[in-house]
Amino acid sequence: MDLTVIWAFIIAFAVFAYVVMDGFDLGIGILFPTFDVGRERDRAMNSIAPVWDGNETWLVLGGGGLLAAFPLAYAVVLPATYPLIIAMLLGLVFRGVAFEYRWRDPAHRRLWDAAFAGGSLVAAMAQGMTLGALLQGIDVVDRSYAGSWFDWLTPYTLLCGLGVVAGYALLGSTWLIWKLDGEGQAHARKLALRAAIATILLMGAVSLYNIFLNAEYAERWLTEPEIYFAAPVPILTAIIALSMLQAIRKDHDSKPFWLAIALFFFGMAGLGFTMWPYVVPPGITIWDAAAPERSQIFMLIGVAITMPLIIGYTVWTYWVFRGKVTDEGYH
Amino acid sequence: MLLARMQFAFTISFHFFFPAFTIGLASYLMVLEGLWLRTGKQLYLDLFKYWVKIFAIVFAMGVVSGIVMSYQFGTNWSVFSDVAGPVIGPLMAYEVLTAFFLEAGFLGVMLFGMNKVGKKLHFAATCMVALGTFVSAFWILSVNSWMQTPVGFEMGANGQFLPGPSWWDIVFNPSFPYRLVHTVMAAYLTTAFVVGGVGAWHLLKDRTNAHARKMFTMAMWMAALVTPLQIFAGDLHGLNTLEHQPQKVMAMEGHFDSHPDGAPLILFGIPDSEEKTVRYAIQIPRLSSLILKHDLDAPMDGLDTIPDDEEPPVGMVFWSFRIMVGIGFAMLGIGLWSLVARWRGRLYDWSLLHKAAIVMAPSGFIAVLAGWITTEVGRQPYVIYGLLRTADAASPLDAPAVAASLLAFIVVYFTVFGIGIWYILRLMGKAPHTGEVGAKRGDSGPIRTAGLTPGPTQSPGHEETLPAEKKDI
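Chains A and B supply the protein sequences, listed in that same order. The opening position of the first sequence corresponds to residue 1 in the working numbering, with each subsequent residue numbered one higher. The opening position of the second sequence corresponds to residue 1 in the working numbering, with each subsequent residue numbered one higher.
Quick look at the structure:
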């Protein structure tokens, strides 16, 4: 396996880690308006306050890693999706500061709760649409973006955006099933069920759309011999989706969350299979965009040393704040 | 192009304030908690909790504005990202891996984990956060320094800058050690003056407040001891710049003409790039040669030796440099004054000193920004010094798109960060007292009561703050 492939997997891992981890705290933001003002909102917020910062760092790793490992992809994708990226960043600004501001200013807490919810929704939608814009293909001439500045706005990208919003809401609500008890948990179960159905439907719709979007994608999924590698992905996804629906309804605490993560994993595996070996379809493969070998090796050493440590202390942080959130908050 | 530049300048200037404060504040918190563990004195824990609330807000603002930065390289400077990515990308990736995760990962424990992990582990978390802020400065300044003094690279056939055989040369490029020391000390001084200003504010209200006294004396030691070191480091940094980027120094000095036998030090004046002269200059003959070459008669080249299209904008560099140096000497003045006050035993009741310290509280931020402008504008018209022009590094974006997002950034940053700064000032306006609550996740109903019940002895302290709170609002 060459270094470029290793790097493609590292970036994919960073994106997956981001999507799952910031996914659940963005999801809580998206669902925030449905929570009761007062205790339910405070608890939901308390359940993510100690970890959201670390979660969002994976986004910086995704961006920084892309610049470092596939500079050409970074230099093409960002101008192509410029308005989406700006919208996402501004959304993240609002929701990020709301974590602190809502406690500092009880008189305007409603306002910051709205900023938290709105910012989370905008960020999630923009991320989904960026993914859609990437999958539908980006015009590139001479190492730079050559499309117009509304190419990212199509029915397909909107569908992807909604899919990500629903998926994040699913992650958020299943996280709350785990972290809350009593009424809060019952409410989270209801939300999770709705979010799960929406996510499954939208995932299916995006998958079908993919096949019609691009002949090459269709060929990959529907012809021999690829179909033998491809077929298990949708089948496993369906099995996971069904057992997740079961777990949400039954009295399981953490199982729905883990199954939601598994759903995301197979969703991403499917996307990876669709895009491979392009990093920016239809023209730029991972080898076209890859950084030179010296950069790859230098960074690989860094990743090999630091990633186990990062994963170690991230797990430790989650362990410290394990268990149900109580009214005590973190005192 | 101009818009993209303005947007970048705007967002990075805003962003720069927050790390400048968090680097210093994280270390200060580490020192406070360390002193608390060592001495067991409640006073230090109170101060820790007082400042950790402020730290949490500053950090949140730093994180969100930092995420914006990490994507702006691509949105606004895509050509730069493509061609310089193989060299600077890995350095930034190291920053994320070794610094951002460290800070963000341990921040949760630092803010909310005191009762979950115990004192020693909590202190370790605080140390990790402080270390993270420093490591972050290390990498990003390495990137910036490489753009100022690029070495250790090879040019690729496709126009990319490719790393040479030694990453050591790239990371420790010629201007990096000076810039790192100068910038980190600047961050410490910035924090020291904020802490000193807050201490002074509360001393003016109540000169017996033990917490305010402790803040003020710690800050004044920093001012007295670190400012001279900083001025010395700044001088070395300047000499390094003279060696590697002579036209930046020419612009800083306002030297349009060459001086074959001893250049004057222009204290003030109005540089005029059209006429290539400094109007109304007040200057001291030969002093510039003495400072920069340590020889009164040393010849100094001026901007007349540089082609016009390679000159930085002289006026901006000239002025921002003077603002930075001026503030540096004012800080030195406060430091010396505090030594006199200490010697006379009047550190806590010399109200003129306290007033001066309040005036100087935000000075660090202004100096940091001015220094940043000096070095960045002084590098123009290049983004990678001598090799890649800023004009050739921008993204192929339509002006309306950039203009719209620039406007959005201005509105959002001013409101969101303006409000954040206001919250910080409000926290600073409350007098520090015994039994500080720390960054608790609940000022509402049931949670608040839980936070204030630990002991009856702490209640009076809390009540004391209420009048002060009202006064400030």
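Glycine included, every Cβ here is placed at the ideal spot set by N, Cα and C.
Please report the distance separating the alpha-carbon of residue i from that of residue j.
| i | j | result |
| --- | --- | --- |
| Leu-37/B | Arg-102/A | 31 Å |
| Asp-257/B | Pro-177/B | 31 Å |
| Ala-15/B | Met-203/A | The residue asked about is misnamed: residue 15/B is His in this sequence, not Ala. Between His-15/B and Met-203/A, the C-alpha separation is close to 38 Å. |
| Pro-71/A | Gly-197/B | 45 Å |
| Phe-94/A | Val-135/B | 27 Å |
| Ala-20/B | Ala-130/B | 13 Å |
| Met-324/B | Thr-374/B | 9 Å |
| Leu-111/B | Asn-46/A | 12 Å |
| Asn-144/B | Leu-222/A | 50 Å |
| Ile-140/B | Ile-284/B | 37 Å |
| Glu-275/B | Phe-18/B | 39 Å |
| Ala-408/B | Thr-217/B | 42 Å |
| Leu-84/A | Ala-114/A | 21 Å |
| Trp-168/B | Gly-91/A | 38 Å |
| Arg-110/A | Asp-251/A | 33 Å |
| Arg-39/A | Pro-86/B | 49 Å |
| Gly-182/A | Thr-227/B | 58 Å |
| Met-275/A | Tyr-217/A | 8 Å |
| Ala-230/A | Pro-106/A | 52 Å |
| Pro-396/B | Phe-80/B | 12 Å |
Check the Cβ-Cβ distances between residue i and every residue of chain B, and say whether any is below 9 Å.
| i | result |
| --- | --- |
| Ala-291/A | yes |
| Thr-157/A | no |
| Gly-63/A | yes |
| Met-21/A | no |
| Gly-96/A | yes |
| Glu-226/A | no |
| Val-320/A | yes |
| Thr-154/A | no |
| Phe-273/A | no |
| Tyr-101/A | yes |
| Ile-310/A | yes |
| Met-307/A | yes |
Can you confirm whether residue i, when its beta carbon is compared against all beta carbons of chain A, has any partner nearer than 9 Å?
| i | result |
| --- | --- |
| Ile-12/B | no |
| Thr-241/B | no |
| Ser-145/B | no |
| Gln-42/B | no |
| Lys-276/B | no |
| Phe-48/B | no |
| Trp-51/B | no |
| Phe-59/B | yes |
| Pro-432/B | no |
| Pro-396/B | yes |
| Ser-289/B | no |
| Tyr-413/B | yes |
| Phe-16/B | no |
For residue i, collect the residues of the same chain with a Cβ closer than 7 Å to its Cβ; drop the 5 residues on either side in sequence, then sort them by chain order.
| i | result |
| --- | --- |
| Thr-277/B | Phe-256 |
| Leu-296/B | Gly-262, Arg-286, Ser-289, Leu-290 |
| Ser-254/A | Trp-178 |
| Gln-305/B | In the sequence as displayed, the identity of residue 305/B is Thr instead of Gln. Excluding residues within five positions, the ones whose Cβ falls inside 7 Å are Ser-258. |
| Gln-72/B | Phe-8, Thr-11 |
Can you list, in chain order, the residues of its chain whose CB lies under 8 Å from that of residue i, leaving out five sequence neighbours each side?
| i | result |
| --- | --- |
| Val-165/A | Ile-30, Leu-121, Ala-124, Met-125, Gly-128 |
| Phe-264/A | Phe-16, Val-19, Val-20, Gly-23, Gly-167, Leu-171 |
| Tyr-278/A | Ile-284, Thr-285, Ile-286 |
Looking only at its chain, what residues have a beta carbon closer than 6 Å to the beta carbon of residue i, apart from the 5 residues adjacent to it on each side?
| i | result |
| --- | --- |
| Gly-270/A | Val-233 |
| Trp-112/A | Ala-98, Tyr-101, Arg-102 |
| Arg-340/A | Chain A is shown only over 1 to 331; residue 340/A falls outside these bounds and no answer can be derived. |
>> With three or more C-beta pairs closer than 8 Å as the rule, is the stretch 244-251 of chain B touching the stretch 303-318 of chain B?
In response: yes
>> Across the stretch 166-180 of chain A and the stretch 189-196 of chain A, are there enough close Cβ pairs to call them in contact, namely three or more that are closer than 8 Å?
In response: They touch, by the three-pair rule.
>> Would you call the stretch 149-164 of chain A in contact with the stretch 240-257 of chain A, where contact means no fewer than 3 C-beta pairs closer than 8 Å?
In response: Because the criterion of three Cβ pairs below 8 Å is not met, the stretch 149-164 of chain A and the stretch 240-257 of chain A do not touch.
> Taking Cβ-Cβ distances below 9 Å as the criterion, which residues of the stretch 78-89 of chain B are in contact with chain A?
Replying inline: Ser-78, Val-79, Phe-80, Ser-81, Asp-82, Val-83, Ala-84, Gly-85, Pro-86, Val-87, Ile-88, Gly-89
> How about the stretch 48-56 of chain B and the stretch 1-8 of chain B: do they share at least three Cβ pairs that are nearer than 8 Å?
Replying inline: no
> Do the stretch 310-321 of chain A and the stretch 36-53 of chain A make contact, defined as three or more Cβ pairs closer than 8 Å?
Replying inline: yes
> Is it true that the stretch 233-242 of chain B meets the stretch 262-272 of chain B, where meeting means three or more beta-carbon pairs spaced less than 8 Å apart?
Replying inline: no
>> Against chain B, which members of the stretch 105-139 of chain A pass a CB distance test of less than 7 Å?
In response: If the cut-off is 7 Å between Cβ atoms, the stretch 105-139 of chain A has Asp-105, Pro-106 near chain B.
>> Any C-beta of chain A within less than 9 Å: which residues of the stretch 109-124 of chain B qualify?
In response: Val-109, Leu-111, Phe-112, Gly-113, Met-114, Asn-115, Lys-116, Val-117, Leu-121
> Residues in the stretch 70-86 of chain A with C-beta within 8 Å of chain B's C-beta atoms, listed in sequence order?
Replying inline: Pro-71, Leu-72, Tyr-74, Ala-75, Val-76, Val-77, Leu-78, Pro-79, Tyr-82, Pro-83, Ile-85, Ile-86
> What residues from the stretch 325-351 of chain B come within 8 Å of chain A, judged by C-beta to C-beta, listed N to C?
Replying inline: Residues of the stretch 325-351 of chain B with a C-beta less than 8 Å from any C-beta of chain A: none at all.
> Got a sec: which bits of the stretch 25-56 of chain A sit with their beta carbon under 9 Å from any beta carbon on chain B, in order along the chain?
Replying inline: Gly-38, Arg-39, Asp-42, Met-45, Asn-46, Ala-49, Pro-50, Val-51, Trp-52, Asp-53, Gly-54, Asn-55, Glu-56
> Does the stretch 205-217 of chain B come close enough to the stretch 383-393 of chain B that 3 or more CB-CB pairs lie under 8 Å?
Replying inline: no
> Do three or more CB pairs link the stretch 144-153 of chain B to the stretch 31-45 of chain B at distances below 8 Å?
Replying inline: no
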